[in-house]
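Residue numbers (my numbering): 165 to 565.
Only one structure is covered here, and it is reproduced in the block below.
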(Lines of atoms letter the chains of each structure in order from A; the text may use other names.)
(Lines give C-alpha, C1' and ligand atoms only; values in the text may rest on other atoms or scores of the structure.)
Protein backbone atom coordinates (compact mmCIF):
# COMPACT_ATOMS: atom_id res chain seq x y z
CA UNK A 165 0.00 0.00 0.00
CA UNK A 166 1.26 3.47 -0.93
CA UNK A 167 1.29 5.98 1.91
CA UNK A 168 0.09 9.31 0.52
CA UNK A 169 1.18 12.57 2.13
CA UNK A 170 -1.42 14.42 0.08
CA UNK A 171 -4.06 13.85 -2.52
CA UNK A 172 -2.80 16.74 -4.67
CA UNK A 173 0.59 18.45 -4.68
CA UNK A 174 0.62 21.94 -6.21
CA UNK A 175 4.01 23.30 -7.28
CA UNK A 176 4.00 27.10 -7.25
CA UNK A 177 2.64 29.61 -4.75
CA UNK A 178 1.68 32.37 -7.15
CA UNK A 179 -1.91 33.42 -7.68
CA UNK A 180 -2.73 30.48 -9.99
CA UNK A 181 -1.29 27.81 -7.69
CA UNK A 182 -3.02 29.26 -4.64
CA UNK A 183 -6.31 29.72 -6.50
CA UNK A 184 -6.10 26.09 -7.60
CA UNK A 185 -5.57 24.91 -4.03
CA UNK A 186 -8.48 27.03 -2.85
CA UNK A 187 -10.71 25.73 -5.66
CA UNK A 188 -9.88 22.09 -4.85
CA UNK A 189 -10.87 22.58 -1.21
CA UNK A 190 -14.17 24.13 -2.27
CA UNK A 191 -14.99 21.56 -4.97
CA UNK A 192 -13.98 18.52 -2.91
CA UNK A 193 -13.86 19.32 0.82
CA UNK A 194 -11.54 16.99 2.69
CA UNK A 195 -9.13 16.63 -0.23
CA UNK A 196 -5.59 16.90 1.16
CA UNK A 197 -3.65 19.57 -0.71
CA UNK A 198 -0.03 20.62 -0.26
CA UNK A 199 1.35 23.72 -2.01
CA UNK A 200 5.14 23.81 -2.50
CA UNK A 201 6.63 27.28 -3.09
CA UNK A 202 10.37 27.80 -3.40
CA UNK A 203 10.29 31.41 -2.16
CA UNK A 204 9.73 32.58 1.41
CA UNK A 205 6.18 33.79 0.75
CA UNK A 206 3.42 33.89 -1.86
CA UNK A 207 3.35 35.77 -5.17
CA UNK A 208 7.04 36.72 -5.31
CA UNK A 209 7.37 36.68 -9.10
CA UNK A 210 4.80 37.37 -11.85
CA UNK A 211 1.88 37.98 -9.51
CA UNK A 212 3.84 40.29 -7.25
CA UNK A 213 5.32 42.38 -10.07
CA UNK A 214 2.32 43.13 -12.26
CA UNK A 215 0.47 46.42 -12.68
CA UNK A 216 -2.56 45.42 -10.61
CA UNK A 217 -5.07 45.89 -13.44
CA UNK A 218 -8.32 43.90 -13.44
CA UNK A 219 -8.76 43.47 -17.19
CA UNK A 220 -12.13 43.58 -18.92
CA UNK A 221 -11.37 41.03 -21.66
CA UNK A 222 -11.71 43.40 -24.61
CA UNK A 223 -8.43 42.42 -26.26
CA UNK A 224 -9.05 38.68 -26.49
CA UNK A 225 -10.69 36.98 -29.47
CA UNK A 226 -14.03 35.22 -29.02
CA UNK A 227 -13.58 31.53 -28.34
CA UNK A 228 -10.21 31.93 -26.65
CA UNK A 229 -9.58 30.80 -23.09
CA UNK A 230 -8.31 34.30 -22.34
CA UNK A 231 -11.65 35.80 -23.32
CA UNK A 232 -13.73 33.21 -21.49
CA UNK A 233 -11.75 33.42 -18.26
CA UNK A 234 -11.28 37.21 -18.28
CA UNK A 235 -14.94 37.97 -18.93
CA UNK A 236 -15.96 35.74 -16.05
CA UNK A 237 -12.98 36.51 -13.86
CA UNK A 238 -13.01 40.31 -13.84
CA UNK A 239 -16.37 40.66 -12.11
CA UNK A 240 -15.53 37.73 -9.87
CA UNK A 241 -12.23 39.35 -8.81
CA UNK A 242 -13.98 42.59 -7.89
CA UNK A 243 -16.49 40.64 -5.81
CA UNK A 244 -13.72 38.64 -4.12
CA UNK A 245 -11.84 41.82 -3.18
CA UNK A 246 -15.01 43.40 -1.80
CA UNK A 247 -15.89 40.32 0.27
CA UNK A 248 -12.43 40.10 1.82
CA UNK A 249 -11.67 43.77 2.32
CA UNK A 250 -8.90 43.90 -0.28
CA UNK A 251 -8.17 47.35 -1.71
CA UNK A 252 -9.66 47.68 -5.18
CA UNK A 253 -11.48 50.12 -7.43
CA UNK A 254 -13.42 49.85 -10.69
CA UNK A 255 -11.88 52.83 -12.46
CA UNK A 256 -12.63 52.18 -16.12
CA UNK A 257 -9.93 52.81 -18.70
CA UNK A 258 -9.30 54.60 -21.96
CA UNK A 259 -7.85 52.98 -25.07
CA UNK A 260 -6.57 55.94 -27.08
CA UNK A 261 -5.78 56.26 -30.79
CA UNK A 262 -3.12 58.92 -31.29
CA UNK A 263 -2.78 58.50 -35.05
CA UNK A 264 -5.30 58.25 -37.88
CA UNK A 265 -3.94 54.84 -38.93
CA UNK A 266 -5.02 53.42 -35.55
CA UNK A 267 -8.70 54.32 -35.98
CA UNK A 268 -9.71 51.12 -37.84
CA UNK A 269 -8.11 49.00 -35.10
CA UNK A 270 -9.87 51.06 -32.44
CA UNK A 271 -13.20 50.50 -34.21
CA UNK A 272 -12.49 46.77 -34.39
CA UNK A 273 -11.90 46.74 -30.62
CA UNK A 274 -15.25 48.46 -30.12
CA UNK A 275 -16.91 45.74 -32.18
CA UNK A 276 -15.15 43.05 -30.15
CA UNK A 277 -16.31 44.68 -26.91
CA UNK A 278 -19.88 44.47 -28.12
CA UNK A 279 -19.39 40.82 -29.08
CA UNK A 280 -18.30 40.19 -25.50
CA UNK A 281 -21.12 42.37 -24.06
CA UNK A 282 -18.51 44.65 -22.47
CA UNK A 283 -19.85 48.18 -21.87
CA UNK A 284 -17.96 50.53 -24.18
CA UNK A 285 -18.29 54.18 -25.20
CA UNK A 286 -16.58 55.75 -28.20
CA UNK A 287 -15.05 59.15 -27.42
CA UNK A 288 -13.78 62.09 -29.40
CA UNK A 289 -10.96 64.47 -28.38
CA UNK A 290 -13.14 66.65 -26.14
CA UNK A 291 -14.54 63.61 -24.32
CA UNK A 292 -11.04 62.20 -23.88
CA UNK A 293 -10.05 65.48 -22.21
CA UNK A 294 -13.04 65.24 -19.87
CA UNK A 295 -11.72 61.90 -18.56
CA UNK A 296 -7.99 62.62 -18.82
CA UNK A 297 -7.25 66.34 -19.32
CA UNK A 298 -3.54 65.80 -20.05
CA UNK A 299 -3.97 62.91 -22.50
CA UNK A 300 -4.20 63.66 -26.21
CA UNK A 301 -5.75 61.47 -28.90
CA UNK A 302 -7.90 61.46 -32.01
CA UNK A 303 -10.43 59.01 -30.56
CA UNK A 304 -10.77 56.60 -27.68
CA UNK A 305 -12.82 53.84 -26.16
CA UNK A 306 -13.94 54.04 -22.54
CA UNK A 307 -14.19 50.58 -20.95
CA UNK A 308 -16.17 50.86 -17.75
CA UNK A 309 -15.49 47.42 -16.26
CA UNK A 310 -11.70 47.69 -15.93
CA UNK A 311 -10.35 48.11 -12.41
CA UNK A 312 -7.32 47.90 -10.15
CA UNK A 313 -6.46 45.90 -7.06
CA UNK A 314 -3.57 44.47 -5.05
CA UNK A 315 -2.99 40.99 -6.47
CA UNK A 316 -0.36 40.27 -3.83
CA UNK A 317 -3.04 40.74 -1.18
CA UNK A 318 -5.42 38.55 -3.21
CA UNK A 319 -2.79 35.79 -3.25
CA UNK A 320 -2.23 36.05 0.50
CA UNK A 321 -5.98 35.81 1.06
CA UNK A 322 -6.26 32.75 -1.19
CA UNK A 323 -3.42 31.12 0.76
CA UNK A 324 -5.21 31.82 4.03
CA UNK A 325 -8.55 30.51 2.77
CA UNK A 326 -6.90 27.35 1.45
CA UNK A 327 -5.09 26.84 4.76
CA UNK A 328 -8.30 27.37 6.70
CA UNK A 329 -9.77 24.52 4.65
CA UNK A 330 -6.86 22.21 5.51
CA UNK A 331 -4.30 22.94 2.79
CA UNK A 332 -0.63 22.95 3.80
CA UNK A 333 1.24 25.84 2.14
CA UNK A 334 4.99 25.29 2.48
CA UNK A 335 7.40 28.09 1.65
CA UNK A 336 11.10 27.57 1.01
CA UNK A 337 10.22 24.23 -0.60
CA UNK A 338 12.10 24.10 -3.92
CA UNK A 339 11.25 20.96 -5.90
CA UNK A 340 14.34 19.12 -7.12
CA UNK A 341 13.11 15.67 -8.21
CA UNK A 342 9.77 14.37 -9.44
CA UNK A 343 9.03 10.66 -9.82
CA UNK A 344 5.90 8.99 -11.09
CA UNK A 345 4.52 5.50 -10.68
CA UNK A 346 1.22 3.99 -11.69
CA UNK A 347 -0.25 4.68 -8.27
CA UNK A 348 1.50 7.86 -7.09
CA UNK A 349 3.63 10.92 -7.75
CA UNK A 350 6.65 11.53 -5.52
CA UNK A 351 8.46 14.84 -5.08
CA UNK A 352 11.75 15.53 -3.32
CA UNK A 353 12.52 19.07 -2.23
CA UNK A 354 15.88 20.78 -1.79
CA UNK A 355 15.75 20.02 1.93
CA UNK A 356 15.49 16.28 1.21
CA UNK A 357 11.83 15.96 2.18
CA UNK A 358 9.90 13.43 0.08
CA UNK A 359 6.16 13.80 -0.45
CA UNK A 360 3.85 11.34 -2.20
CA UNK A 361 0.50 12.23 -3.70
CA UNK A 362 -2.18 10.92 -5.99
CA UNK A 363 -1.75 13.83 -8.44
CA UNK A 364 0.49 16.79 -9.12
CA UNK A 365 -0.34 20.25 -10.46
CA UNK A 366 2.43 22.32 -12.03
CA UNK A 367 1.81 26.05 -11.55
CA UNK A 368 5.49 26.99 -11.53
CA UNK A 369 5.17 30.01 -13.85
CA UNK A 370 8.66 31.00 -15.00
CA UNK A 371 9.81 27.42 -14.39
CA UNK A 372 6.72 25.54 -15.61
CA UNK A 373 8.46 23.93 -18.60
CA UNK A 374 11.34 22.80 -16.38
CA UNK A 375 8.95 21.24 -13.88
CA UNK A 376 7.16 19.43 -16.73
CA UNK A 377 10.49 17.98 -17.87
CA UNK A 378 11.37 17.00 -14.29
CA UNK A 379 8.13 15.03 -14.29
CA UNK A 380 9.14 13.24 -17.50
CA UNK A 381 6.73 15.14 -19.76
CA UNK A 382 7.64 17.01 -22.94
CA UNK A 383 5.90 20.41 -22.71
CA UNK A 384 6.38 21.08 -26.43
CA UNK A 385 7.40 24.67 -25.69
CA UNK A 386 9.92 26.67 -23.73
CA UNK A 387 9.46 29.55 -21.33
CA UNK A 388 11.25 32.64 -22.62
CA UNK A 389 11.45 35.38 -19.98
CA UNK A 390 10.62 38.92 -21.06
CA UNK A 391 11.34 41.73 -18.65
CA UNK A 392 8.77 44.50 -18.47
CA UNK A 393 10.44 47.73 -17.34
CA UNK A 394 8.44 50.50 -15.71
CA UNK A 395 8.88 54.09 -14.69
CA UNK A 396 6.83 55.91 -12.11
CA UNK A 397 5.72 59.53 -12.25
CA UNK A 398 7.29 61.68 -9.58
CA UNK A 399 4.69 62.29 -6.85
CA UNK A 400 4.55 66.01 -7.70
CA UNK A 401 3.54 65.07 -11.27
CA UNK A 402 1.19 62.19 -10.51
CA UNK A 403 -1.78 64.44 -11.31
CA UNK A 404 -0.90 64.13 -15.00
CA UNK A 405 -2.87 60.85 -15.05
CA UNK A 406 -6.20 60.20 -13.38
CA UNK A 407 -6.76 56.53 -14.16
CA UNK A 408 -5.79 53.92 -16.77
CA UNK A 409 -4.75 54.90 -20.30
CA UNK A 410 -3.71 52.37 -22.94
CA UNK A 411 -2.61 52.69 -26.58
CA UNK A 412 -4.32 50.84 -29.40
CA UNK A 413 -2.47 47.51 -29.65
CA UNK A 414 -0.86 46.59 -32.94
CA UNK A 415 -1.63 42.93 -33.77
CA UNK A 416 1.64 42.72 -35.69
CA UNK A 417 3.55 42.89 -32.40
CA UNK A 418 3.33 40.58 -29.40
CA UNK A 419 2.87 43.12 -26.57
CA UNK A 420 0.40 45.88 -25.71
CA UNK A 421 2.86 48.76 -25.61
CA UNK A 422 3.53 51.47 -23.05
CA UNK A 423 0.48 52.44 -21.00
CA UNK A 424 -0.35 54.61 -17.98
CA UNK A 425 -1.65 53.01 -14.79
CA UNK A 426 -2.70 54.73 -11.58
CA UNK A 427 -2.40 51.98 -9.01
CA UNK A 428 -4.40 51.28 -5.90
CA UNK A 429 -1.81 53.23 -3.83
CA UNK A 430 -2.21 56.33 -6.02
CA UNK A 431 1.17 56.06 -7.73
CA UNK A 432 1.27 56.23 -11.53
CA UNK A 433 3.29 53.59 -13.36
CA UNK A 434 4.26 54.01 -16.99
CA UNK A 435 5.28 51.04 -19.10
CA UNK A 436 6.21 48.40 -19.66
CA UNK A 437 8.55 48.04 -22.50
CA UNK A 438 9.50 44.42 -23.13
CA UNK A 439 13.06 43.12 -23.49
CA UNK A 440 14.44 39.58 -23.25
CA UNK A 441 15.62 38.89 -19.71
CA UNK A 442 19.05 37.33 -19.25
CA UNK A 443 17.69 34.96 -16.60
CA UNK A 444 14.28 33.57 -15.78
CA UNK A 445 14.24 35.78 -12.74
CA UNK A 446 16.24 38.56 -14.40
CA UNK A 447 14.64 41.72 -13.04
CA UNK A 448 17.50 43.93 -14.27
CA UNK A 449 20.35 43.87 -16.80
CA UNK A 450 22.85 42.84 -14.11
CA UNK A 451 21.11 39.55 -13.36
CA UNK A 452 22.60 37.01 -15.76
CA UNK A 453 22.50 33.23 -15.49
CA UNK A 454 24.78 31.91 -18.24
CA UNK A 455 23.26 28.42 -18.28
CA UNK A 456 19.71 29.72 -18.64
CA UNK A 457 20.77 32.24 -21.27
CA UNK A 458 22.64 29.59 -23.24
CA UNK A 459 19.58 27.32 -23.27
CA UNK A 460 17.40 30.21 -24.44
CA UNK A 461 19.81 31.05 -27.26
CA UNK A 462 20.09 27.40 -28.29
CA UNK A 463 16.31 27.04 -28.61
CA UNK A 464 15.23 27.21 -32.29
CA UNK A 465 12.16 29.29 -31.48
CA UNK A 466 14.32 32.09 -30.06
CA UNK A 467 16.01 32.63 -33.40
CA UNK A 468 12.72 32.47 -35.28
CA UNK A 469 11.04 35.13 -33.14
CA UNK A 470 14.16 37.32 -33.29
CA UNK A 471 14.11 37.13 -37.10
CA UNK A 472 10.43 38.10 -37.27
CA UNK A 473 10.43 40.91 -34.71
CA UNK A 474 13.98 42.26 -34.68
CA UNK A 475 12.93 45.83 -35.57
CA UNK A 476 10.34 45.86 -32.78
CA UNK A 477 12.89 44.33 -30.43
CA UNK A 478 15.51 46.96 -31.24
CA UNK A 479 13.00 49.69 -30.44
CA UNK A 480 12.22 48.09 -27.10
CA UNK A 481 15.94 47.73 -26.35
CA UNK A 482 16.53 51.39 -27.20
CA UNK A 483 13.77 52.47 -24.82
CA UNK A 484 15.23 50.20 -22.15
CA UNK A 485 18.64 51.85 -22.36
CA UNK A 486 17.49 55.44 -22.92
CA UNK A 487 15.06 57.27 -20.65
CA UNK A 488 14.70 59.98 -23.30
CA UNK A 489 13.64 57.39 -25.90
CA UNK A 490 11.17 55.93 -23.39
CA UNK A 491 9.84 59.45 -22.72
CA UNK A 492 9.27 60.06 -26.44
CA UNK A 493 7.12 56.91 -26.58
CA UNK A 494 5.09 58.06 -23.57
CA UNK A 495 4.55 61.54 -25.03
CA UNK A 496 2.40 60.10 -27.80
CA UNK A 497 -0.25 59.68 -25.10
CA UNK A 498 0.89 62.22 -22.52
CA UNK A 499 2.52 65.22 -24.25
CA UNK A 500 3.31 67.12 -21.05
CA UNK A 501 5.57 64.44 -19.57
CA UNK A 502 9.34 65.02 -19.48
CA UNK A 503 12.24 62.71 -18.79
CA UNK A 504 12.71 64.41 -15.42
CA UNK A 505 9.16 63.39 -14.45
CA UNK A 506 10.06 59.69 -14.65
CA UNK A 507 11.79 57.69 -11.94
CA UNK A 508 12.70 53.99 -12.33
CA UNK A 509 10.24 51.54 -10.81
CA UNK A 510 10.55 47.79 -10.13
CA UNK A 511 10.41 45.58 -13.22
CA UNK A 512 8.48 42.39 -13.78
CA UNK A 513 9.32 39.27 -15.78
CA UNK A 514 6.70 37.64 -17.96
CA UNK A 515 6.85 33.88 -18.44
CA UNK A 516 6.07 33.58 -22.15
CA UNK A 517 5.65 30.19 -23.77
CA UNK A 518 7.37 29.95 -27.15
CA UNK A 519 6.95 27.13 -29.66
CA UNK A 520 9.93 25.70 -31.59
CA UNK A 521 8.82 27.50 -34.78
CA UNK A 522 9.01 30.88 -33.03
CA UNK A 523 5.29 31.27 -32.39
CA UNK A 524 4.38 32.97 -29.14
CA UNK A 525 1.63 31.01 -27.41
CA UNK A 526 -1.15 33.60 -27.29
CA UNK A 527 -3.57 31.82 -24.96
CA UNK A 528 -3.54 29.91 -21.72
CA UNK A 529 -1.97 26.51 -22.22
CA UNK A 530 -2.70 23.42 -20.13
CA UNK A 531 -1.29 19.95 -20.67
CA UNK A 532 -2.19 16.71 -18.91
CA UNK A 533 -0.51 13.35 -18.53
CA UNK A 534 -1.14 10.50 -16.08
CA UNK A 535 -1.49 12.03 -12.60
CA UNK A 536 -0.24 15.41 -13.85
CA UNK A 537 -1.74 18.77 -14.82
CA UNK A 538 0.70 21.37 -16.18
CA UNK A 539 -0.16 25.07 -16.51
CA UNK A 540 2.38 25.97 -19.20
CA UNK A 541 1.29 29.46 -20.26
CA UNK A 542 -0.56 31.88 -18.02
CA UNK A 543 0.25 35.46 -19.07
CA UNK A 544 -2.03 38.45 -18.56
CA UNK A 545 -4.97 38.34 -17.84
CA UNK A 546 -4.10 35.38 -15.59
CA UNK A 547 -4.24 37.41 -12.36
CA UNK A 548 -7.61 38.90 -13.35
CA UNK A 549 -8.96 35.46 -14.25
CA UNK A 550 -7.18 33.53 -11.50
CA UNK A 551 -10.33 32.38 -9.69
CA UNK A 552 -11.82 30.96 -12.88
CA UNK A 553 -8.49 29.43 -13.94
CA UNK A 554 -8.07 27.87 -10.51
CA UNK A 555 -11.45 26.16 -10.83
CA UNK A 556 -10.53 24.80 -14.26
CA UNK A 557 -7.18 23.45 -13.06
CA UNK A 558 -8.85 22.00 -9.94
CA UNK A 559 -11.43 20.24 -12.13
CA UNK A 560 -8.66 18.65 -14.19
CA UNK A 561 -6.64 17.68 -11.11
CA UNK A 562 -9.57 16.04 -9.34
CA UNK A 563 -10.14 13.80 -12.36
CA UNK A 564 -6.75 12.24 -11.69
CA UNK A 565 -7.62 11.15 -8.15
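For every residue, glycine included, the Cβ atom is placed at its ideal position computed from N, Cα and C.
Under the three-state reduction of DSSP output, residue 186 falls in the helix class. Judged by their CB atoms, residue 372 and residue 562 are not nearer to each other than the 8 Å cut-off. Shown here for residue 246: same chain residues with a beta carbon closer than 8 Å to its own, the five before and five after excluded, namely 252 in chain order.
With a beta-carbon spacing of about 5 Å, residue 376 and residue 538 fall inside the 8 Å limit used to define contacts.
The beta carbons of residue 517 and residue 307 sit about 27 Å from each other, so the pair does not count as a contact at 8 Å. For residue 311, same chain residues with a beta-carbon under 7 Å away, outside a window of 5 residues either side, are 218, 242, 252, 253, 254 and 255 in chain order.
With 16 or more neighbouring CB atoms inside 10 Å of its own CB, residue 178 falls in the buried class. With a cut-off of 8 Å on Cβ pairs, the stretch 285 to 300 is not in contact with the stretch 327 to 346, counting fewer than three such pairs.
Here DSSP, grouped into helix, strand and coil, assigns residue 434 to strand.
Under the three-pair Cβ rule at 8 Å, the stretch 389 to 402 counts as touching the stretch 444 to 451. Note on residue 260: 16 or more other CB atoms within 10 angstroms of its CB, so buried under the neighbour-count rule.
When rounded, the separation of the alpha-carbon atoms in residue 478 and residue 497 is 21 Å. With fewer than 16 other Cβ atoms inside 10 Å of its own Cβ, residue 264 counts as exposed.
By the Cβ criterion, the stretch 549 to 564 is not in contact with the stretch 402 to 418, since fewer than three pairs of Cβ atoms, one from each stretch, lie closer than 8 Å. Distance between residue 303 and residue 533, taken at the CA atoms: about 48 Å. Excluding residues up to 5 positions away in sequence, 392, 393, 394, 395 and 422 lie with their Cβ nearer than 7 Å to the Cβ of residue 435 in the same chain.
Exposure of residue 461 is indicated by the presence of fewer than 16 other C-beta atoms within 10 angstroms of its C-beta. With respect to the 8 Å criterion, residue 542 and residue 240 are not classified as neighbours on the basis of their beta carbons.
Ranking 512, 535, 427 and 503 by CA distance to the CA of residue 212 puts 512 first. Under DSSP, residue 257 shares a beta bridge with 307. Residue 476: member of the alpha helix (DSSP H) spanning 464 to 485, first to last residue.
Non-local beta-carbon contacts of residue 338 in its own chain, meaning distances under 7 Å to residues more than five positions away in sequence, involve 202, 353 and 354 in chain order.
In the displayed model, residue 528 falls within coil according to three-state DSSP, outside both helix and strand. The beta carbon of residue 224 sits closer than 7 Å to those of 230, 231 and 234, all from its chain and outside the five residues before and after it, given in chain order. One Cα belongs to residue 174, the other to residue 323, and the distance between them is close to 12 Å.
Residue environment for residue 521: exposed (fewer than 16 other C-beta atoms within 10 angstroms of its C-beta). When 492, 510 and 509 are compared, the shortest CA-CA separation from residue 503 is found for 492. One thing to note: residue 505 has its Cβ no nearer than 8 Å to the Cβ of residue 424. Distance from the Cα of residue 249 is smallest, within the candidate group 215, 317, 169 and 335, for 317.
Secondary structure at residue 342: strand, using DSSP grouped into helix, strand and coil. Bridge partners of residue 168 according to DSSP: none are assigned. For residue 512, the uninterrupted beta strand (DSSP E) segment begins and ends at 506 to 518.
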